[in-house]
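Chemist: Here you go, one structure.
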Amino acid sequence: MSSNFKATKMSIELIIRDQIVEAIESCYEQKIDQKLVQLQNTRKEFEGDITLVVFPFVRMSKKSPEQTAADIGDYLQKNVAEVEKYNVVKGFLNLVISTDYWISVLNEAASDLKYGITEPTGSSKLVMVEYSSPNTNKPLHLGHIRNNLLGFSLSEILKANGNKVIKTNIVNDRGIHICKSMYAWEMWGNGQTPENTGIKGDHLVGNFYVRFDQEYKKEIAALIEQGETSENAEQNAPSILGAREMLLKWEAKDPEVLELWKMMNQWVYAGFDITYKALGVDFDKIYYESETYLYGKDEVLRGLREGVFYQQEDSSVWADLTAEGLDQKILLRSDGTSVYMTQDIGTARERFQDYPINKMIYVVGNEQNYHFQVLSILLDKLGFEFGKGLHHFSYGMVELPQGKMKSREGTVVDADDLMAEMIEVSRKTSEELGKLEGYSPEQAAITYKMIALGALKYFMLKVDPKKNMLFNPEESIDFNGNTGPFIQYTYARIRSVLRKAEDKGIILNPHIEAEIQPGLKELQLIKTVSQFPVAVKEAGDNYSPALVANYVYELVKDFNQFYHEFPMIAEENSELRNLRLVLAETIGKTIKTGMKLLGIDVPERM
RNA sequence: GUCUCGGUAGCUCAGCUGGAUAGAGCAACGGCCUUCUAAGCCGUAGGUCCUGGGUUCGAAUCCCAGCCGGGAUACCA
């Protein structure tokens, strides 16, 4: 056992787990599987640190649960140095771990600058995380925010678990949806540009996407009025024909269409850059669908030649997935143009050619579960050995009280607007509370933004990614309670205490002597701190930033109770004072690291 | 129709690889700022864990059926 026990709680649990197996053997002469050993953290209302559930063993002991627990407790107390004493409540054996042990845990945590973080090594796995993946026909909204925050945070968490991570973005910069905006701009744009209107480029293009839909709907209504069936009307309305023609021309590299496309895309990219920067997300490598769809087309045609796919009379290309229990899937339209799936095949091929990827993760909404199931099968059929190993990180939708957001219907919460509003709320709150007196306007502005984004990011990340979540624009995101600002505030409090201690000339001794007897609350806090590496690991194993968020909240809540009840600087016993300050500093560091994994910064003052 | 995900306090969410009296926050009500930041702390109230069966010493958690809601099943992405 190395002296550097990063996952302390786990190592003590491992020791105890082992010893319980031996205890059963020694007491009852039975060999048991470690899986029967159920350990849990002792509930706060009972004395103890780790609890064993003894019910599974009463069959072997042929004694009452209480007596069985006592037998095992006796054995552990005798044979495991860290087990100081025990008590039995019904069928639960509560083990009290020695204070020495907890002090050593604190010392380790306090001295480790990267506490909770496992650095990558030469043999680390290379994980590529795709997230964001915007369409270049409209601005980002709240749903994209969830995607971006999850993708960024997941990447950070995977890095903290010793992986090498490449963050990537596939920009969906071609396709019928883009052509709709382009067509609308050409028809009704009157030469509008971001420059001559003062509208952010992605918003301007988005306006034309909405305009397209409005006109399209009018045309359909008119055609139906003239006696067309609704299906015919949808297929033959002038604007949809115009958009389709544009897509054909685009794939045929028509110079005029390409120029229009480039111009409008540049507007969008300039807009996205601003939004990404404000959100604090970034990418190591960007792929463009306008490039990769061609590789995808190649692969589909190869599949056709090799008999993996088939062609219908109208020359559309399909995959037959009935053997997999699925349906027919179209891969190339009858006019030869590509669909969404086509480009994803090409993009995957490119990525695995560009990097020695061990694990590919797609951060994409759960509405596309079927898509990724199919993609995996198609890549496998095409002979790519990575096909089966793709991982779709499938997250839930953000819903409004009225239901789903729809770009075309304008019922979206715009990302830029939301951030701006939250920064405004943050500024007002800070000013009302007078927290930043003495800060320059620039310093204050940085802090407002930090708090606003902390509120937004924590709000999005604290819920289980798999679940749909509700956002009510009527009630602005809270700054009190289980929120980002509450956690940031606690960090600022700790920093403030440490600054004041320094002002008073108190020098922290980072090594706590074993003889010091911490109180119950300090012990409780050390235990919570000791769980941080476990939380990071579980967040990585389960791909869940929410586990980090929930952990940090627990830690912060515990600390605030402690803060309220016990003086640190004013504590007269200097050794106890030192313990408390070192503990506070360690908790501050843990908060900062944890929040960093969520992509949230913490302020020195607020 | 089929597949899939979900249903926990008035609201938003934890807990779900089975374990002790189901937890937080918000909202409501009542306390606490001459002492390290009150964006905080303490307390009160609030529950058929959708329903019904089953497995188990033990079920919010696992299995089956049903009800309700979301999503997918497109020559949209």
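Per this note's numbering, the very first residue in the first sequence carries number 257; after that it's consecutive.
Yeah, the Cβ is synthetic: ideal placement off N, Cα and C, and Gly gets one too.
Note that the structure is predicted; figures quoted are calculated from it, not measured.
Since Asn-417 is in the alpha helix (DSSP H), which residue starts that stretch and which ends it?
Modeler: Residue mapping note: residue 417 aligns to position 161 of the first sequence, counting from 1. That residue, Asn-417, is in no alpha helix (DSSP H); it is neither H nor E in DSSP.
Chemist: If you draw a straight line from the alpha carbon of Leu-779 to that of Phe-815, how long is it in whole angstroms?
Modeler: By 1-based counting over the first sequence, the position of residue 779 is 523. By 1-based counting over the first sequence, the position of residue 815 is 559. Answer to the nearest angstrom: the Cα atoms are 12 angstroms apart.
Chemist: Tell me where the alpha helix (DSSP H) around Tyr-596 begins and ends.
Modeler: As a first step, residue 596 must be located in the first sequence, where it is residue number 340. Note, Tyr-596: alpha helix (DSSP H), 596-610.
Chemist: What are the boundary residues of the alpha helix (DSSP H) that His-820 is part of?
Modeler: Here residue 820 is taken as the residue at index 564 of the first sequence, counted from 1. Run containing His-820: 801-821, per the alpha helix (DSSP H) assignment.
Chemist: Using a Cβ-Cβ cutoff of less than 7 angstroms, which residues in the same chain neighbour Val-466 once the five nearest sequence positions on both sides are dropped?
Modeler: Numbered from its first residue, the first sequence carries residue 466 at position 210. For Val-466, where only same-chain residues beyond five positions count, the Cβ hits under 7 angstroms are Arg-664 and Gly-666.
Chemist: Grab the span of the beta strand (DSSP E) containing Gln-296 for me, first residue to last.
Modeler: Position 40 of the first sequence, counting from 1, holds the residue named residue 296. 294-297 is the span of the beta strand (DSSP E), which, as asked, contains Gln-296.
Chemist: What number of angstroms, rounded off, separates the C-alpha of Asn-738 from the C-alpha of Thr-598?
Modeler: As a first step, residue 738 is located in the first sequence; it is residue number 482 there, counting from the start. As a first step, residue 598 is located in the first sequence; it is residue number 342 there, counting from the start. In a straight line, the C-alpha of Asn-738 is about 43 angstroms away from that of Thr-598.
Chemist: Whole angstroms are fine: how far does the CA of Met-716 sit from the CA of Met-661?
Modeler: Within the first sequence, the letter at position 405 stands for residue 661. Within the first sequence, the letter at position 460 stands for residue 716. Cα-Cα distance, rounded: 16 angstroms.
Chemist: Classify Ala-763: buried if its beta carbon has 16 or more other beta carbons within 10 angstroms, exposed otherwise.
Modeler: Counted from its first residue, the first sequence places residue 763 at position 507. The sequence given here places Ile at residue 763; Ala does not occur at that position. Counting Cβ neighbours within 10 Å, Ile-763 comes out exposed, since fewer than 16 surround it.
Chemist: Would you decide whether Ser-259 is buried or exposed? Buried here means 16 or more other CB atoms lie within 10 Å of its CB.
Modeler: The residue you call residue 259 lines up with position 3 of the first sequence. The predicted position of Ser-259 is uncertain, since its pLDDT is 32 and thus under 50; no value can be drawn from it.
Chemist: Between the Cα of Leu-332 and the Cα atoms of Glu-386, Asp-274, Val-513 and Phe-640, which residue gives the shortest distance?
Modeler: Here residue 332 refers to the residue found at position 76 when the first sequence is read from its first residue. Per the Cα distances, Asp-274.
Chemist: Identify, in the order they occur along the chain, each residue of the same chain with its Cβ nearer than 7 angstroms to the Cβ of Trp-444, setting aside the five sequence neighbours on each side.
Modeler: Here residue 444 refers to the residue found at position 188 when the first sequence is read from its first residue. These residues qualify, in order along the chain: Arg-467.
Chemist: First and last residue of the beta strand (DSSP E) that includes Asp-576?
Modeler: Along the first sequence, read from residue 1 onward, the residue named residue 576 stands at position 320. Here the beta strand (DSSP E) through Asp-576 covers 573-576.
Chemist: Please say whether Tyr-714 and Leu-535 have beta carbons closer to each other than 8 angstroms?
Modeler: Taking the first residue of the first sequence as 1, we reach residue 535 at position 279. Taking the first residue of the first sequence as 1, we reach residue 714 at position 458. It is not a contact, given that the beta carbons lie outside the stated cut-off.
Chemist: Output the residue ranges of the beta strand (DSSP E) runs that lie fully inside the region 410-490 and measure 3 residues or longer, sorted by chain position.
Modeler: If we require 3 residues or more, the beta strand (DSSP E) runs fully inside the region 410-490 come out as 420-427.
Chemist: Quickly, what does DSSP pair His-648 with across the bridge? List them, please.
Modeler: Here residue 648 is taken as the residue at index 392 of the first sequence, counted from 1. Tyr-618, per the DSSP bridge assignment.
Chemist: For a quick check, are the C-beta atoms of Gly-407 and Val-385 less than 8 angstroms apart?
Modeler: Counting from one through the first sequence, the residue named residue 407 turns up at place 151. Counting from one through the first sequence, the residue named residue 385 turns up at place 129. For Gly-407 and Val-385, yes; Cβs fall inside 8 angstroms.
Chemist: Going by beta-carbon coordinates alone, are Met-520 and Ser-437 separated by less than 8 angstroms?
Modeler: Numbered from its first residue, the first sequence carries residue 520 at position 264. Numbered from its first residue, the first sequence carries residue 437 at position 181. Yes.
Chemist: Is it the case that the Cβ atoms of Asp-429 and Thr-485 are separated by a distance below 8 angstroms?
Modeler: Translated into the one-based positions of the first sequence, residue 429 becomes position 173. Translated into the one-based positions of the first sequence, residue 485 becomes position 229. Contact: no.
Chemist: With DSSP collapsed to three states, give me the class of Phe-642.
Modeler: In the first sequence, the residue the question calls residue 642 occupies position 386. Looking at Phe-642 - three-state DSSP - the assignment turns out to be coil, as it is neither helix nor strand.
Chemist: Pick out whichever of Glu-827, Ala-826 and Gly-740 has its Cα sitting closest to the Cα of Tyr-807.
Modeler: In the first sequence, counting from the first residue as 1, residue 807 sits at position 551. The shortest C-alpha separation from Tyr-807 is found at Gly-740.
Chemist: Going by other Cβ atoms of all chains shown within 10 Å of its Cβ, with 16 needed for buried, is Glu-730 buried or exposed?
Modeler: For the purposes of this step, residue 730 is taken as the residue at position 474 of the first sequence. Exposed.
Chemist: The alpha helix (DSSP H) spanning Tyr-525 covers which residue range?
Modeler: For the purposes of this step, residue 525 is taken as residue 269 along the first sequence, with counting starting at 1. Per DSSP, Tyr-525 belongs to the alpha helix (DSSP H) from 511-535.
Chemist: Determine the closest residue to Glu-680 out of Ala-826, Ser-380 and Ser-732, with distance taken between C-alpha atoms.
Modeler: Residue 680 sits at position 424 when you count from the first residue of the first sequence. Closest by alpha carbon: Ser-732.
Chemist: Quick check: what's the CA-CA separation for Ala-477 versus Ala-489?
Modeler: Against the first sequence, residue 477 aligns to sequence position 221. Against the first sequence, residue 489 aligns to sequence position 233. Going from the Cα of Ala-477 to the Cα of Ala-489 covers about 8 angstroms.
Chemist: Run through the region 364-404 for me and flag every whole beta strand (DSSP E) of 3 or more residues, listed as ranges in chain order.
Modeler: Correct list: 382-386.
Chemist: Three or more C-beta pairs closer than 8 angstroms, one from the region 779-796 and one from the region 839-856: is that the case here?
Modeler: Yes, since at least three Cβ pairs between the region 779-796 and the region 839-856 fall closer than 8 angstroms, the two stretches touch.
Chemist: By how many angstroms is the C-alpha of Tyr-611 removed from the C-alpha of Gln-744?
Modeler: As a working note, residue 744 is residue 488 in the first sequence. As a working note, residue 611 is residue 355 in the first sequence. The straight-line gap from Cα to Cα measures roughly 38 angstroms.
Chemist: Assign Arg-402 to one of two classes, buried (16 or more other C-beta atoms within 10 Å of its C-beta) or exposed (fewer than that).
Modeler: Within the first sequence, the letter at position 146 stands for residue 402. Classification of Arg-402: buried, given that the 10 Å Cβ count is 16 or more.
Chemist: One question on the structure: do Gln-567 and Leu-560 come within less than 8 angstroms of each other, judged by their Cβ atoms?
Modeler: Position 311 of the first sequence, counted from the first residue, corresponds to residue 567. Position 304 of the first sequence, counted from the first residue, corresponds to residue 560. Yes, these two residues count as a Cβ contact at 8 angstroms.
Chemist: Taking the CB atoms as reference points, tell me whether Lys-777 and Glu-821 lie closer together than 8 angstroms.
Modeler: On the first sequence, residue 777 is found 521 positions in, with the first residue counted as 1. On the first sequence, residue 821 is found 565 positions in, with the first residue counted as 1. In this structure, Glu-821 lies closer than 8 angstroms to Lys-777 by Cβ.
Chemist: Give me the Cα-Cα distance between Lys-346 and Asn-363, rounded to the nearest whole angstrom.
Modeler: Along the first sequence, one-based indexing puts residue 346 at 90. Along the first sequence, one-based indexing puts residue 363 at 107. So the alpha carbons of these two residues sit roughly 35 angstroms apart.
Chemist: Helix, strand or coil: how does DSSP classify Val-336 here?
Modeler: Here the question's residue 336 lines up with position 80 in the first sequence. It is coil, neither helix nor strand.
Chemist: Could you name the residues of the same chain whose beta carbon sits closer than 8 angstroms to that of Glu-545, not counting the 5 residues immediately before and after it, in chain order?
Modeler: As a first step, residue 545 must be located in the first sequence, where it is residue number 289. Same-chain partners within the cutoff: Ile-426, Val-427, Asn-428, Asp-429, Arg-430, Gly-431, Gln-599 and Thr-603.
Chemist: With burial defined as no fewer than 16 other Cβ atoms inside 10 Å of the residue's Cβ, what is the status of Tyr-809: buried or exposed?
Modeler: For the purposes of this step, residue 809 is taken as the residue at position 553 of the first sequence. When all chains shown are included, Tyr-809 counts as buried.
Chemist: By the 10 Å Cβ neighbour count, where 16 or more other Cβ atoms means buried, how is Met-257 classified, buried or exposed?
Modeler: Working through the first sequence from its first residue, we reach residue 257 at position 1. Confidence is the limiting factor: at Met-257 the pLDDT is only 30, short of 50, which leaves the residue's position unreliable, though a coordinate-based value still follows. That one is exposed.
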